[in-house]
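Below is one structure, written out as structure tokens; comments come after it.
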Amino acid sequence: MTTKFSSRVLSLALLLTVGAAAAAPYDIPANVQAVAKAQITAGSLEAPIRFLASDALEGRGPATRGDTLARLYLAAELQSLGYLPGGEKGGWEQTVDVVGTTAQLPAVWSFTGKTGNVDLKWSDDYIASSGVQSPTAAIENAGVVFVGYGIEAPEYKWDDFKGVDVKGKVLVMLNNDPDWDPKLFAGNTRLYYGRWTYKYESAARHGAAGVIIVHTTPSAGYPWQVVQSSWGGEQFDLPAESEPRIQLKGWATEAAARRLVKAGGKDLDKLIAAAKSRSFKPVPLALKTSIKFDNKISRVRTANVAGLLPGSDPKLKDEVVIYSAHHDHFGIGDPDSTGDNIYNGAEDNASGCAQLLAIARAMAALPERPRRSVLLLFVAGEEQGLLGSTYYSLHPTFAPGKIAANINYDGGNFRGRARDITYIGHGKSSLDRIVDALAAKQRRVVVPDQFPDKGYFYRSDQFNFAKIGAPAMYFGRSTDYVGKPADWGRTQEEEWTEHIYHQPSDEITSEWVFDGMIEDASIGFYAGWLIAQADAMPTWNPGDEFEAARKKALAQ
Ligand SMILES: [Zn+2]
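Going by our numbering, the residue at position 287 of the sequence shown is 751; the numbering climbs one at a time, nothing skipped.
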């Protein structure tokens, strides 16, 4: 009887344990929590920021001495923590070549139409940069076709091209993606289909010669002046490989596009209305155009830095959790009103690098190595257009189908503990459940992207991992701070964006506090640990824009 009784108690206890484990699958064991507490500290976060953001590093501009020093420092830290070189040819680095192109576009770009000629004036009417890295770019006597949004999205049964041959043509496209129906392209959330990079890539895939994106402030999310200032000067890119390229990447104001379309025998409002339908077909405009311009080309070299912690599971160690943070900033540039000309980039992104190093420390200090491998990747050239992460995604050190997830840090919380955490990319993948559970343990609320129309998910390095199919997470800034008035966070953020962001004053000060950053780095550490330990890799939510890329990666 005793035996019977105790075995019954035992099975009941077992049942309860199993039940509890199933109800809370994201529990972090006490010994893992203890490691986080010991390793992710104010000191382990502050020290790398002090070094990387010091004037001695001269703002870490790509291919400068500061860039070299930052890379040496990151590799040295990884080595001292026991990581293996995770770069190319057994080294700590992966070389990233950067090509700068300054296009000398003509003061007037002319089109010959049915009802006379149309001239677009540089800067007032059109802005463009070169799509090719050759000394001259040219489009000769090309036809012009309106292609709606220029989107092909099988998951939404949307195809603006309908098989029409647009080879050698100049394509006029609408900005953004369809945003009037919550069931189409996630409503007013801007998906990748709504970004200008997608539009130019889409045109290149179809062999087009050039693109003119019609700018409106609501569809771009920013005024025409931003287009003028960001596209007018030198543009940076990776060296051209075998991918298709267009000659010219252009923008036009809505007024200029209206004149152009009219001269081509059509009405812009009617074309826009037609484009809002699945049955839209490309509309040729009765226009011809030629344009030729010279490019000034510069080439520099920088590198990603990578350290690898091999997984402990003989099978799962072929799969990897990748942490990323960009190490570059703007270097030395125009002085501000105080005469300071060093763009230290303390928050952007010495603070992200510091969080990665603290996580690296914790991973290395675990009593048992995680089952999957962990790669710490410090990427180059983010400020020039996500170049280091783009290069990594084109030349990954793990096959894309083996990348379990990417956790990216771009910026850090230096304002103290917060009740919320902004998670950019919420609603896209199974990573949501992990972040939600971990935030709840810190008594915090997960807030989705506060500006879904601005497309922040596509504006830092995690996007390049999503593009090759790996589910990715990226934390934005908190807004609700413990012990502060309700609107304090937002006011601070607005002031910071205006006076410090991307300016020489982005420096570490005595006002910085680290308890909030400790929590954010800990969430990332725990999330990576959970992903590395789980039997299955994370998945995109069904129907997500990146699900097809994942399927393709897993099939390879
Ligand atoms: Zn950044």
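We treat Cβ as the ideally placed atom computed from N, Cα and C, and that holds for glycine. From a predicted model like this one, the values you see are computed outputs, not experimental measurements.
Within 8 Å: the Cβ of residue i and any heavy atom of ligand 1?
| i | result |
| --- | --- |
| His791 | no |
| Glu510 | no |
| Glu847 | yes |
| Gly940 | no |
| Gly876 | no |
| Asn813 | yes |
| Ser788 | no |
| Gly816 | yes |
| Ser969 | no |
| Ser924 | yes |
If residue i and residue j are in contact, beta carbons under 8 Å, what's the gap, nearest whole angstrom?
| i | j | result |
| --- | --- | --- |
| His679 | Thr717 | 6 Å |
| Ala1021 | Phe700 | Residue 1021 lies beyond the stretch modelled for the chain, which goes from 465 to 1020, so this question has no answer here. |
| Asn808 | Ala527 | With 8 Å as the limit, Asn808 and Ala527 do not qualify as a contact, their Cβ atoms being about 18 Å apart. |
| Thr1003 | Ser893 | 6 Å |
| Ile888 | Tyr945 | Ile888 to Tyr945, Cβ: 19 Å. No contact. |
| Ile786 | Asn870 | 5 Å |
| Ala822 | Ile504 | 5 Å |
| Ala789 | Asp874 | 7 Å |
| Trp556 | Ala534 | With 8 Å as the limit, Trp556 and Ala534 do not qualify as a contact, their Cβ atoms being about 12 Å apart. |
| Leu850 | Asn928 | 6 Å |
| Thr559 | Ala767 | 5 Å |
| Leu735 | Val582 | The Cβ separation is near 16 Å, so there is no contact. |
| Val499 | Leu830 | 6 Å |
| Phe978 | Ala506 | 4 Å |
| Ala739 | Gly580 | The Cβ separation is near 26 Å, so there is no contact. |
Within a Cβ cutoff of 8 Å, which residues of the same chain sit near residue i, ignoring the five residues on either side of it in sequence?
| i | result |
| --- | --- |
| Val691 | Ile591, His679, Ala684 and Trp715 |
| Ala511 | Ala818 |
| Tyr547 | Gly771, Leu772, Leu773, Ala824, Ala828 and Leu840 |
| Ile597 | Reading off the sequence, residue 597 comes out as Gln, not Ile. Contacts found: Val563, Thr565, Asp701, Pro703, Ala704, Asn759 and Ile761. |
| Glu541 | Pro512, Leu821 and Ala824 |
| Tyr664 | Gly595, Val675, Ile710 and Lys713 |
| Thr681 | Pro687 and Trp688 |
| Pro599 | Asp758, Asn759 and Ile761 |
| Ala606 | Gly632, Lys633, Val634, Ala673, Gly674, Lys752, Thr753 and Ser754 |
| Thr576 | Leu751, Lys752 and Thr753 |
By Cβ distance below 6 Å, which residues in the same chain neighbour residue i in space, the five residues on each side in sequence not counted?
| i | result |
| --- | --- |
| Glu619 | Gly1007 |
| Gly992 | Val785 and Ile871 |
| Ser470 | Because Ser470 carries a pLDDT of 41, less than 50, the predicted location of this residue cannot be relied on, and no value is offered for it. |
| Ile755 | Trp573 and Ile603 |
| Tyr990 | Ile492 and Leu902 |
| Arg1014 | Gly933 and Trp1004 |
| Ser666 | Gly614 |
| Glu783 | Arg836, Lys866 and Ala868 |
| Leu584 | Trp573, Tyr590 and Ala720 |
| Arg763 | Val563 |
| Arg907 | none |
I'd like the list of long-range same chain contacts for residue i, defined as Cβ closer than 7 Å, with 5 residues on each side in sequence excluded.
| i | result |
| --- | --- |
| Gly523 | Gly530, His793, Phe794, Gly795, Ile796, Ile806, Tyr807, Asn808 and Gly809 |
| Asp589 | Ala716, Thr717 and Ala720 |
| Lys781 | Pro774, Gly775, Arg836 and Ser837 |
| Ala1017 | Pro864, Gly865, Ile932 and Gly933 |
| Ser942 | Asn877, Ala882, Asp884, Ile885, Thr886, Gly953 and Gly980 |
| Leu536 | none |
Counting only beta-carbon separations shorter than 9 Å, does residue i have a partner in chain D?
| i | result |
| --- | --- |
| Ala869 | In summary, chain D is missing from the structure at hand, where a single protein chain is found. |
Measuring CB atoms only, is the segment 658 to 673 touching the segment 625 to 633, in the sense that at least three cross pairs come out at less than 8 Å? yes
Kindly confirm or deny that the segment 879 to 888 and the segment 778 to 795 touch, where touching means at least three C-beta pairs closer than 8 Å. For the pair of segments examined, the segment 879 to 888 was found not to touch the segment 778 to 795: the number of CB pairs separated by less than 8 Å stays below three.
Completely contained alpha helix (DSSP H) runs for the segment 829 to 882, where each covers 4 or more residues: Along the segment 829 to 882, the alpha helix (DSSP H) occurs as fully enclosed runs of 4 or more residues at 851 to 858, listed in sequence order.
Quick test of the definition: if touching needs 3 or more C-beta pairs under 8 Å, does the segment 894 to 901 touch the segment 844 to 862? no
Three CB pairs or more closer than 8 Å across the segment 964 to 973 and the segment 908 to 919: no
Could you tell me which whole beta strand (DSSP E) segments of length 3 or greater appear in the segment 552 to 593? 557 to 568, 572 to 577 and 580 to 585
State whether the segment 966 to 975 contacts the segment 993 to 1002, with contact taken as three or more CB pairs (one from each stretch) at a distance under 8 Å. no
Cβ pair count under 8 Å reaching 3, the segment 742 to 751 against the segment 604 to 611: yes
Segments of 4+ residues assigned as alpha helix (DSSP H) that fall wholly inside the segment 944 to 1006: 952 to 963 and 979 to 997
Suppose only complete runs of 4+ residues qualify. What are the alpha helix (DSSP H) ranges in the segment 519 to 548, listed by chain order? 529 to 544
At 3 residues or longer, what runs of the beta strand (DSSP E) sit wholly inside the segment 716 to 796? 747 to 773 and 784 to 790
Could I get the ranges of all uninterrupted alpha helix (DSSP H) runs contained in the segment 659 to 700, with 4 residues as the minimum, in chain order? 660 to 669, 681 to 684 and 688 to 695
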